[in-house]
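Beneath this line is the structure, given in structure tokens, with notes to follow.
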Amino acid sequence: MNNPLLEAFNEAPFSKIKNEHFKPAFLQAIEDTKKEIDDIVNNPEAPTFENTLEALDFSGQQLDRISSIFFNLNSAETNEEIQKIAQEVSPILSEFSNDITLNEGLFARVKAVYEQRDSLDLTTEQKTLLEKKYKNFSRNGANLKEENKKRLREIDAELSKLKLTFGENVLAETNKYEMLLTDEKDVAGLPEGTKEAAAQLAESKDKKGWLITLDYPSYIPFMKYAKSRELRKELSMAFGSKGFHNDELDNQENVKRIVNLRHERANLLGYETHADFVLEERMAETPEKVKDFLNELLDKAKPAAEREFAELEAYAKELDNIDRLEKWDSAYYSEKLKQKLFNLDDEKLKPYFKLENVINGVFKVAEKLFGLTFKEVDNVDKYHPEVKTFEVYENDNFISLFYADFHPRPGKRGGAWMTSYKPQYILNGKNSRPHISNVCNFTKPTSSKPSLLTFNEVTTLFHEFGHALHGMLANTTYPSLSGTSVYWDFVELPSQVMENWCYEKEALELFAHHYETGELIPMELVEKIKESATFQEGMATVRQLSFGLLDMAWHGKNPSGIKDVKSYEEAAFESTNLFPETPETCMSTSFAHIFQGGYSSGYYSYKWAEVLDADAFAYFKENGIFSKTVADKFKENVLSKGGTENPMDLYIKFRGAEPNVNALLERAGLLETNN
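With UniProt numbering applied, the sequence shown covers 1 to 675.
In structure tokens, the structure reads:
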């Protein structure tokens with residue numbers, strides 16, 4: 001059969017791809033890549049940078065394209081058949097990856113070039129590629145004895161399946177839960193738009209009433225506005241106990257198995273823990289540095305968090321005679337208190353944030369900063385009708401293709417992410433431009449209203465678009481160093497820095513217009529958004545730090561003695577706990593970032609990047625938020641450079657100095673509260 005995935009293509013040929021194409025395409029592309037690798041190994045000429053390192057980096061391009069298409073679909077538009085294929089091909093890909101890193105002939109050639117690196121006339125990017133490739137071999141077992149290589153392969157194959165199973169269980173739990181409400185009093189407090197969306201969802205499933213689910217656009221407004229404390233508790237418990245029901249979707253054994261295999265793998269490679277292995281290739285460098293960083297911020301944030309918690313508890317008691325604040329009370333009373341203090345309600349803001357206007361706004365910000373223009377096109381193949389496609393230009397030069405997919409669907413995992421369908425690189429003098437995608441789960445339009453975003457959704461859109469810019473503006477020679485292929489604790493800088501524009505009057509004026517009247521968002525609302533930005537920042541910071549500390553607890557110690565997931569998690573949360581513990585819930589069993597995604601030993605990087613982004617944005621503010629000079633420096637030294645240089649060197653070239661943690665503490669309002 002003709003397989004579209006094995007033909008030459010530029011844009012992903014979504015409409016031609018059938019599920020049965022994937023596995024044969026993977027197997028064929030693996031064979032083709034093996035031939036390319038064999039050609040490198042069997043080259044009779046002495047190893048050089050060009051015939052070994054360059055050849056290796058440009059090998060397997062078709063396989064990489066197939067993988068990016070398939071695994072993105074497995075996240076954005078999955079079904080049982082795709083999940084089954086993922087379970088079959090993941091261990092095969094893991095095995096093939098090991099075939100490369102454990103290929104002695106290939107490693108010998110890489111090592112030969114590495115050992116003469118000082119006498120070679122290499123560019124900074126070439127030096128980075130050589131260093132990275134050499135380390136990739138040594139960090140993945142190239143120097144191991146044969147029996148240890150065999151064990152490494154077994155571990156990697158099992159881990160690839162376990163991570164998929166973990167994610168499938170979380171998605172299945174999310175899709176399985178429904179709370180159907182038929183009594184008007186049960187939806188008391190909910191905004192009209194939320195009620196309408198819930199009624200529409202119920203109707204789409206031939207049910208009467210209002211259907212509430214664990215998808216964020218349904219879950220978050222319910223927790224924030226629903227008057228019924230009992231129903232908030234029920235929903236919160238369902239959300240917090242995903243993968244924790246001792247049934248076929250339970251993730252407790254998966255968690256223990258994943259961390260033990262990661263630990264064993266790190267030991268095989270000569271590292272004390274999985275965290276030691278991971279952090280060697282991060283700005284933070286060691287687990288000790290990460291723990292010190294998290295605990296230093298915790299010392300600064302905890303007093304503020306405890307004051308905020310006491311204030312919230314007192315407010316709940318005064319309002320509704322609540323004696324003890326529980327987790328399911330937090331969003332509800334926080335929202336009420338925020339409205340009281342700032343008279344700022346998401347429902348007041350939403351009419352100014354129609355999705356299409358916000359998209360337009362983020363495009364305008366990118367135009368003013370980086371000279372980009374976006375043209376919506378309808379001749380690009382899509383994997384779902386809801387996907388929007390844009391061509392991106394800079395001075396009439398094509399820069400990137402951009403896919404945007406904004407609303408929840410049963411086949412889409414929760415959250416928001418940026419991904420790439422094609423990397424940027426330069427080959428034979430031709431700059432091959434990237435295809436970048438943002439995938440989100442925003443409030444859907446209803447029959448009476450367009451998609452109106454909460455302010456939190458607006459910042460999420462800007463955040464993911466920051467990642468997209470990092471991909472779009474990539475300008476490097478080698479695909480493995482391009483775009484977001486940077487140290488993990490540097491990757492969040494472009495995304496988090498973009499969020500800052502959402503709070504600035506000059507930026508909001510570009511897009512925050514009422515969807516019915518066209519009226520510009522009133523400036524007193526903008527002021528309130530800014531004032532309220534630090535509302536409960538102590539609690540929010542402690543919450544983020546708790547996730548980072550939990551991640552380090554799982555990956556920074558020998559986990560072999562851990563018997564009970566829940567009690568181990570409780571111990572990890574001890575220093576950050578504000579709310580009473582709920583025995584029925586467990587975060588670890590649905591903590592996909594660290595057990596399915598790439599954040600193991602890396603969750604701290606959100607906070608780490610916040611230090612960078614606060615310091616970077618302070619530089620913009622000093623010179624004007626649309627300063628061309630600062631934007632050009634950011635584009636030149638951060639966005640276009642990918643992973644071609646050490647991130648701290650790149651940051652210093654942009655900023656003139658290392659980042660200062662005080663910029664973050666000041667922005668978060670945590671400096672003056674602790675002096």
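By construction, the Cβ of each residue, glycine as well, lies at the ideal position given by its N, Cα and C atoms. All figures in this text were calculated on a predicted structure; none of them were measured in a lab.
{"query": "Measuring alpha carbon to alpha carbon, tell me which residue in GLU326, GLU168, SER447 and SER67 is nearest GLY243.", "result": "GLU168"}
{"query": "How big is the Cα-Cα spacing for LYS227 and ALA331?", "result": "12 Å"}
{"query": "Taking ALA416 and GLY642 to be in contact with their CB atoms under 8 Å, please state how far apart those CB atoms are, rounded to whole angstroms.", "result": "About 22 Å; that fails the 8 Å criterion."}
{"query": "Note down the Cα distance separating GLY270 from VAL290, rounded to an integer number of angstroms.", "result": "20 Å"}
{"query": "On the three-state DSSP scale, how would you describe LEU510?", "result": "coil"}
{"query": "Taking the beta carbon of THR123 as the centre, do at least 16 other beta carbons fall within 10 Å, making it buried, or is it exposed?", "result": "exposed"}
{"query": "Mark ASN577 as exposed unless 16 or more other C-beta atoms lie within 10 angstroms of its C-beta, in which case mark it buried.", "result": "exposed"}
{"query": "According to the neighbour-count rule (16 or more other Cβ atoms, all chains shown, within 10 Å of its Cβ), is LYS133 buried or exposed?", "result": "buried"}
{"query": "Rounded to whole angstroms, what's the CA-CA distance from ASN674 to LEU665? Just pull it up for me.", "result": "Per-residue confidence for ASN674 stands at a pLDDT of 43, beneath the threshold of 50, marking its modelled position as unreliable; the derived number appears in the next sentence. Taking the straight line from one Cα to the other gives about 10 Å."}
{"query": "Report yes if the CB atom of SER495 is closer than 7 Å to the CB atom of GLY466, and no otherwise.", "result": "yes"}
{"query": "Per DSSP, what are the beta-bridge partners of MET179 in this structure?", "result": "ILE212"}
{"query": "For VAL380, which residues from the same chain have a beta carbon less than 7 Å from its beta carbon, with the 5 sequence-adjacent residues on both sides left out?", "result": "GLU11, THR389 and LEU401"}
{"query": "Tell me the DSSP secondary structure of ASN260 in three-state form.", "result": "helix"}
{"query": "Starting from residue 682, follow the beta strand (DSSP E) in both directions and report where the run begins and ends.", "result": "Nothing in the structure corresponds to residue 682, since the chain is present only between 1 and 675."}
{"query": "Cα-Cα, which of GLY414, ASN246 and MET223 is closest to LEU235?", "result": "MET223"}
{"query": "Between the region 203 to 220 and the region 180 to 190, do three or more beta carbon pairs fall short of 8 Å?", "result": "yes"}
{"query": "Compute the distance between the beta-carbons of THR78 and GLY538, then report whether it is under 7 Å.", "result": "no"}
{"query": "Where does MET223 sit, in a helix, a strand or coil, going by DSSP?", "result": "helix"}
{"query": "For the beta strand (DSSP E) containing HIS435, list its first residue and its last residue.", "result": "435 to 439"}
{"query": "Contact defined as beta carbons within less than 8 Å: I believe ARG667 pairs with ALA614. What is the distance between those atoms, to the nearest angstrom?", "result": "5 Å"}
{"query": "In this structure, what does DSSP give as the bridge partners for THR389?", "result": "TYR403"}
{"query": "How would you call MET418, buried or exposed, if buried means at least 16 neighbouring beta carbons within 10 angstroms?", "result": "buried"}
{"query": "Along the chain, which unbroken stretches of the alpha helix (DSSP H) at least 4 residues long are found entirely within the region 443 to 488?", "result": "455 to 472"}
{"query": "Which class does ASN19 belong to by DSSP, given the choice of helix, strand or coil?", "result": "helix"}
{"query": "For the pair the region 595 to 604 and the region 653 to 662, tell me if three or more CB-CB distances fall below 8 Å.", "result": "no"}
{"query": "Just mark ARG232 as buried or exposed, buried being the case when its beta carbon has 16 or more other beta carbons within 10 Å.", "result": "buried"}
{"query": "Since PHE654 is in the beta strand (DSSP E), which residue starts that stretch and which ends it?", "result": "Unbroken run through PHE654 is the alpha helix (DSSP H), 647 to 655; no beta strand (DSSP E)."}
{"query": "Any idea what DSSP makes of GLU376, helix, strand or coil?", "result": "strand"}
{"query": "Could you give the first and the last residue of the continuous beta strand (DSSP E) run that contains LYS430?", "result": "430 to 432"}
{"query": "Does DSSP classify GLU326 as helix, strand or coil?", "result": "coil"}
{"query": "Please check if any C-beta of chain D sits within less than 7 Å of the C-beta of PHE398.", "result": "Protein chains in the displayed structure number just one, and chain D is not present."}
{"query": "Excluding the 5 residues preceding and the 5 following SER241 in the sequence, name in chain order all residues of the same chain whose CB lies nearer than 7 Å to its CB.", "result": "GLU584, THR585 and CYS586"}
{"query": "Can you tell me whether SER575 is helix, strand or coil according to DSSP?", "result": "helix"}
{"query": "Could you have a look at ASN675 and say whether DSSP puts it in helix, strand or coil?", "result": "Any reading at ASN675 must be qualified, since the residue scores a pLDDT of 40, below 50, and its modelled position is unreliable; no value is offered."}
{"query": "How long is the line joining the alpha carbons of ASP121 and VAL110, rounded to whole angstroms?", "result": "16 Å"}
{"query": "If you draw a straight line from the C-alpha of LEU214 to the C-alpha of VAL170, how long is it?", "result": "11 Å"}
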